[in-house]
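Participant:
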Amino acid sequence: MRGKIGLVVGLGVGYVLGTRAGRARYEQIKKQAEKVWELPPVQKQVAKVTECAKKLPKIAVDGVVKVIRAADSTSDSRTASTGSGAAASSDAETAKAAG
1 MRGKIGLVVG
11 LGVGYVLGTR
21 AGRARYEQIK
31 KQAEKVWELP
41 PVQKQVAKVT
51 ECAKKLPKIA
61 VDGVVKVIRA
71 ADSTSDSRTA
81 STGSGAAASS
91 DAETAKAAG
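In full-length UniProt numbering, the protein residues as written are 1 to 99.
1) Rounded to the nearest angstrom, what separates GLY3 and GLY12 at their Cα positions?
2) Using the three-state DSSP reduction, which class does GLU27 fall into: helix, strand or coil?
3) Going by alpha carbons, who is nearest to GLN28 out of TYR15, LEU39, PRO40?
4) Given a cut-off of 8 Å on the beta-carbon distance, is the pair VAL36 and VAL42 in contact?
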């Protein structure tokens with residue numbers, strides 16, 4: 001969807017900048033775009049997108065919190081097992097050196 005919008009905008013800008021009709025054609029295109037923008041179906045979709053956009057920051061924060069908690073719990077379990085393994089290995093090496 002994002003790519004399609006970019007393509008349409010790019011084509012529109014290219015047309016306006018490349019046209020020989022100049023300012024008059026630009027004004028005509030602008031008026032048509034404003035008419036389309038004001039159509040009820042378009043405004044209905046704009047309202048939906050606006051509502052969705054308002055929810056995105058909360059959704060993003062919730063997702064980040066979940067990832068951090070998951071990473072934190074994973075690193076805690078790895079640290080605990082690694083820590084005891086390293087300590088046991090170190091104790092065995094110390095005992096060999098002493099003994």
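The beta carbon of each residue, even a glycine, is placed where N, CA and C say it ideally should be.
Facilitator: In brief:
1) 14 Å
2) helix
3) TYR15
4) yes
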